[in-house]
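Visitor: So the sequences go chain by chain: A and B.
The working numbering puts the first residue of the first sequence at 30, with every later residue one more than the last.
The working numbering puts the first residue of the second sequence at 30, with every later residue one more than the last.
Protein chains: 2
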Amino acid sequence: MAEESRTGAGGRLRESESGGGARGRRAVAAPKKFSREQVAAAALRLTDTRGLEALSMRTLAAELGTGPMTLYNYVDGREGLELLVVEAVLEGADWPETGSGDWRDDVRKLAEVFWRTIRSHPHVIPLIAERRTVDEPILDFGERMLEALARSGRSGRELLVAFRLVSGFIVGFTQGAAGRALISPGGESASAVIARARTLDPERFPRVVEIATASVEGDRTGEFRAGLDLLIAGLAADARPGGGREG
Amino acid sequence: MAEESRTGAGGRLRESESGGGARGRRAVAAPKKFSREQVAAAALRLTDTRGLEALSMRTLAAELGTGPMTLYNYVDGREGLELLVVEAVLEGADWPETGSGDWRDDVRKLAEVFWRTIRSHPHVIPLIAERRTVDEPILDFGERMLEALARSGRSGRELLVAFRLVSGFIVGFTQGAAGRALISPGGESASAVIARARTLDPERFPRVVEIATASVEGDRTGEFRAGLDLLIAGLAADARPGGGREG
DNA sequence: CTCCCATCAAGTACGGTGTACGTGAACTGG
DNA sequence: CCAGTTCACGTACACCGTACTTGATGGGAG
């Protein structure tokens, strides 16, 4: 797993940042031109400002002032590029301490940090939604969440169900709150949703229109918490009676 | 619906269309070469057999024995093509009668039909997940689900939360059960998941590995029902006391 | 009848994508 | 000095969606 690009481990790599004044007798070549973090930051910046469809090998390369193929020295193809962006987003989160207190609190805390983190990069949401069973940084979060859920006395199939419930809710809610077509690259989410709801026939979709409106007017975080609390209550009610601690 | 006239190879034959407009001056020049249903069926077949990434204007056109641009006479670009596939999938469902009995039963019935319908076309799942707030056939389902949920005594924000909970669960569960990278175009889902789980470090992701294994061994439909029941129980417990009927 | 031209099917071509391949420059250890 | 290795990156290919253009068709007007 850990076979990252261990190419730079030779020791001699002098980063090409604004280091010492004599920045080189030579033009660039043997030491890496960028750090992986630089690439990640550029990719995330690109995605945040110009949307997910603007993220391509070529645009990113242009952003960095280099050619497309150079990126393949930092990233394992398009797939790896997306992974890099997801990583960059999740690294920005500061995960809470969990594992000791009430599992409900931990579930809540974890979910909330995830929610807040993701929401600050709305364009990345589709990426996270479709890659959540693949990327390690997400699985890392999943593992913590599972640990908390396990303390409700679940394991095996029940744990699986509980996890799917929670993660499905988180991703679904996030996705629904700022879905692909409802948020435009420009970024005016609210008006876009409203506009979209307006085009719907209110006779055919009365309640869809109703909740679409409610969704725009309400505060999403409050709704997220409400849904999560409901979910946690359900999980607690269903938990194996003696299983407040691990049974 | 538009009735189709099948043309042989190479020629287009005139056909008096139903409702052939006496639009004054000109009559129709040529009948359509395919029916919309033919196109939809071909698109769905293509997606089912060769995966979502094989669905393109060009491949579909080739499948139909015509050129790419011809499709634009039947479908509004790539976007419309995806809509067509989603439509084709959801049209295959036979929706239950709802609206009269217990809302819990209706939620269950609707969710289950949706689940079963979608699962029979696993490659379309990502499409449905990301287009669920956009496509009318999906909104149609959403409207029915909302109607059922409303009978738990909710409206406005609470209804929104309940809906997000349920639909997030459905989509999340489906997506998780047969996600993009976990199911390969070839179609060997179970072994792929196992293989994936094997590559994970069990020290770092002990519980992820545990539920991944459980997920392969268990029957998904049972887990889906279990999660759904838990969710419904939570919704029922939280329902406004007097609100068994619409209040 | 002939001719016109509205209409729709379909081809060509353009600008995009991801990336295999190859070349060559810069460094390192012998 | 000379391999050998690592990296930058230009070129090229196969693919994508689709704007634009062409071409066939056949009803009405003359």
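The beta carbon of each residue, even a glycine, is placed where N, CA and C say it ideally should be.
Small disclaimer: the values here were computed from a predicted structure and weren't measured.
1) Quick one: grab the DSSP three-state call for Trp124 (chain A).
2) In whole angstroms, give me the CA-to-CA distance for Arg65 (chain A) and Thr95 (chain A).
3) By DSSP, does Gly53 (chain B) sit in helix, in strand, or in coil?
4) How is Pro235 (chain A) classed by DSSP in three states: helix, strand or coil?
5) At the 8 Å Cβ level, is Gly80 (chain B) part of the contact set with chain A, yes or no?
6) Is the Cβ-Cβ distance between Leu156 (chain A) and Val104 (chain A) less than 8 Å?
7) Which chain B residues sit within Cβ distance under 7 Å of Ile167 (chain A)?
8) From the DSSP output, in three-state form, read off Ser213 (chain A) for me.
9) Would you grab the beta carbon distance between Met174 (chain A) and Val190 (chain A) for me? Rounded to a whole angstrom, and I think it's under 8 Å.
10) In chain order, which continuous runs of the alpha helix (DSSP H) of length 4 or greater are located wholly inside the segment 86-150 of chain A?
11) Under 7 Å Cβ to Cβ from Ala56 (chain A), same chain only, skipping five residues before and after it: list those, please.
12) Beta-carbon of Asp105 (chain A) versus every beta-carbon of chain B: anything under 8 Å?
13) Just how far apart, CA to CA, sit Ile127 (chain B) and Phe234 (chain A)?
14) According to DSSP, is Asp267 (chain A) helix, strand or coil?
15) Given 8 Å as the limit, is there contact between the segment 180-189 of chain A and the segment 237-245 of chain B, that is, 3 or more CB pairs closer than that?
16) Let's test the definition: count the other Cβ atoms within 10 Å of the Cβ of Asp131 (chain B) and tell me whether it reaches 16, buried, or not, exposed.
17) If you drop the 5 nearest sequence neighbours on each side, which residues of the same chain put their C-beta closer than 8 Å to that of Glu256 (chain A)?
18) Please state the DSSP three-state secondary structure of Phe253 (chain B).
19) With 7 Å as the limit, tell me which residues of the segment 170-204 of chain A have their beta carbon closer than that to any beta carbon of chain B; keep them in chain order.
20) Determine, using beta carbons only, whether Asp135 (chain B) comes closer than 8 Å to chain A.
21) Measure the Cβ-Cβ separation of Leu119 (chain A) and Thr76 (chain A) and say whether it is below 8 Å.
22) Please list the partners that Ala158 (chain A) has in chain B, where partner means a Cβ-to-Cβ separation under 8 Å.
23) Tell me which residue opens and which closes the alpha helix (DSSP H) that Ala76 (chain B) is part of.
24) With 16 other CB atoms within 10 Å as the buried threshold, where does Glu108 (chain B) fall?
25) Excluding the 5 residues preceding and the 5 following Ile167 (chain A) in the sequence, name in chain order all residues of the same chain whose CB lies nearer than 8 Å to its CB.
26) Find the nearest neighbour of Arg148 (chain A) within the set A:Ser184, A:Glu111 and A:Val200, judged by alpha-carbon distance.
27) Under 9 Å between beta-carbons, which chain B residues line up against Thr146 (chain A)? List them in chain order, please.
28) So, is Glu252 (chain A) buried or exposed, given that buried needs 16 or more other C-beta atoms within 10 angstroms?
29) Taking the straight line between their C-alpha atoms, what separation do you get for Leu100 (chain B) and Ala69 (chain B)?
30) Could you list which residues in chain B have their beta carbon closer than 8 Å to that of Ser244 (chain A), in chain order?
31) Could you spell out where the alpha helix (DSSP H) holding Glu176 (chain A) opens and where it closes?
32) Which residues in chain B have a C-beta closer than 8 Å to the C-beta of Glu252 (chain A)? List them in chain order.
33) Does Asp248 (chain A) pass the burial test, meaning 16 or more other C-beta atoms within 10 Å, or should it be called exposed?
34) Buried or exposed: Ala58 (chain A), going by 16 or more other Cβ atoms within 10 Å of its Cβ?
35) Is the beta carbon of Leu112 (chain A) sitting closer than 8 Å to the one on Ala72 (chain A)?
Guide: The relevant details are as follows:
1) Against the first sequence, residue 124 (chain A) aligns to sequence position 95. If DSSP states are grouped into helix, strand and coil, Trp124 (chain A) belongs with coil.
2) On the first sequence, residue 65 (chain A) is found 36 positions in, with the first residue counted as 1. On the first sequence, residue 95 (chain A) is found 66 positions in, with the first residue counted as 1. When rounded, the distance between both Cα atoms is 14 Å.
3) Within the second sequence, residue 53 (chain B) is the residue found at index 24, counting from 1. For Gly53 (chain B), the predicted structure reports a pLDDT of 37, less than 50, and the residue's modelled location is therefore unreliable. A value from the coordinates is still provided. The answer is coil: DSSP assigns Gly53 (chain B) none of H, G, I, E or B.
4) By 1-based counting over the first sequence, the position of residue 235 (chain A) is 206. Pro235 (chain A): helix per DSSP, three-state reduction.
5) Position 51 of the second sequence, counting from 1, holds the residue named residue 80 (chain B). Closer than 8 Å: no.
6) As a working mapping, residue 156 (chain A) is identified with position 127 in the first sequence. As a working mapping, residue 104 (chain A) is identified with position 75 in the first sequence. Their beta carbons are not under 8 Å apart, which means Leu156 (chain A) does not touch Val104 (chain A) by this criterion.
7) Here residue 167 (chain A) refers to the residue found at position 138 when the first sequence is read from its first residue. Those within 7 Å of Ile167 (chain A) in chain B number zero; the least Cβ separation is about 10 Å.
8) Locating residue 213 (chain A) in the first sequence gives position 184, where the first residue counts as 1. Below a pLDDT of 50, predicted positions are generally treated as unreliable, and Ser213 (chain A), at 32, falls in that range; the measurement from the model is reported next regardless. Of the three classes helix, strand and coil, the one that applies to Ser213 (chain A) here is coil, per DSSP.
9) Residue numbering aside, residue 174 (chain A) sits at position 145 when the first sequence is read from its first letter. Residue numbering aside, residue 190 (chain A) sits at position 161 when the first sequence is read from its first letter. Between Val190 (chain A) and Met174 (chain A) the Cβ distance is about 14 Å, and since that is not below 8 Å, they are no contact.
10) 86-93, 106-120 and 132-148
11) One-based indexing of the first sequence puts residue 56 (chain A) at position 27. With a pLDDT of 35 at Ala56 (chain A), under the threshold of 50, the predicted position of this residue should be treated as unreliable, and no value is reported.
12) Residue mapping note: residue 105 (chain A) aligns to position 76 of the first sequence, counting from 1. Chain B contact via Cβ: absent.
13) Residue 127 (chain B) sits at position 98 when you count from the first residue of the second sequence. Residue 234 (chain A) sits at position 205 when you count from the first residue of the first sequence. With the sequence shown as reference, residue 127 (chain B) is identified as Thr, and Ile is not the correct amino acid for it. Cα to Cα, the separation comes out at about 16 Å.
14) Reading the first sequence from its first residue, position 238 is the one you call residue 267 (chain A). If DSSP states are grouped into helix, strand and coil, Asp267 (chain A) belongs with the helices.
15) yes
16) Taking the first residue of the second sequence as 1, we reach residue 131 (chain B) at position 102. Flag for Asp131 (chain B) reads exposed.
17) Your numbering for residue 256 (chain A) matches position 227 in the first sequence. Going by the sequence as given, residue 256 (chain A) is Gly instead of Glu. For Gly256 (chain A), where only same-chain residues beyond five positions count, the Cβ hits under 8 Å are Phe198 and Phe202.
18) Against the second sequence, residue 253 (chain B) aligns to sequence position 224. The answer is helix: DSSP assigns Phe253 (chain B) an H, G or I state.
19) Gly171, Glu172, Leu175, Glu176, Ala179, Gly185, Arg186, Leu188, Leu189, Val190, Phe192, Arg193, Leu194, Ser196, Gly197, Phe198, Val200, Gly201 and Phe202
20) Within the second sequence, numbered from 1, the residue matching residue 135 (chain B) stands at position 106. So no, Asp135 (chain B) is outside the interface.
21) By 1-based counting over the first sequence, the position of residue 119 (chain A) is 90. By 1-based counting over the first sequence, the position of residue 76 (chain A) is 47. Contact flag unset, no.
22) Reading the first sequence from its first residue, position 129 is the one you call residue 158 (chain A). Chain B residues near Ala158 (chain A): Ala158, Glu159 and Gln204.
23) The sequence position of residue 76 (chain B) within the second sequence is 47, counting from 1. Before going on, a small fix: residue 76 (chain B) reads as Thr here, not Ala. Run containing Thr76 (chain B): Arg65 to Arg79, per the alpha helix (DSSP H) assignment.
24) On the second sequence, residue 108 (chain B) is found 79 positions in, with the first residue counted as 1. Looking at its Cβ environment, which holds fewer than 16 other Cβ atoms inside 10 Å, Glu108 (chain B) is exposed.
25) Residue 167 (chain A) sits at position 138 when you count from the first residue of the first sequence. So the qualifying residues of the chain are Val115, Leu119, Ile157, Arg160 and Arg161.
26) One-based indexing of the first sequence puts residue 148 (chain A) at position 119. Nearest option by C-alpha distance: A:Val200.
27) The residue labelled residue 146 (chain A) in the question sits at position 117 within the first sequence. Neighbours of Thr146 (chain A) on chain B: none; closest Cβ ~18 Å, over 9 Å.
28) Here residue 252 (chain A) refers to the residue found at position 223 when the first sequence is read from its first residue. Classification for Glu252 (chain A): buried.
29) Counted from its first residue, the second sequence places residue 100 (chain B) at position 71. Counted from its first residue, the second sequence places residue 69 (chain B) at position 40. Approximately 11 Å, taken between the alpha carbons.
30) Your numbering for residue 244 (chain A) matches position 215 in the first sequence. Within 8 Å Cβ-Cβ: Leu189.
31) Here residue 176 (chain A) refers to the residue found at position 147 when the first sequence is read from its first residue. Residues Glu165 to Ala179.
32) Taking the first residue of the first sequence as 1, we reach residue 252 (chain A) at position 223. Correct list: Arg186, Leu189, Val190 and Arg193.
33) Locating residue 248 (chain A) in the first sequence gives position 219, counting from the first residue. By the 10 Å Cβ count, Asp248 (chain A) comes out exposed.
34) Position 29 of the first sequence, counted from the first residue, corresponds to residue 58 (chain A). Confidence at Ala58 (chain A) is low in this model, with a pLDDT of 39, below 50, so its placement is unreliable and the value that follows should be read with caution. Ala58 (chain A) comes out exposed.
35) Residue mapping note: residue 112 (chain A) aligns to position 83 of the first sequence, counting from 1. Residue mapping note: residue 72 (chain A) aligns to position 43 of the first sequence, counting from 1. Their beta carbons are not under 8 Å apart, which means Leu112 (chain A) does not touch Ala72 (chain A) by this criterion.
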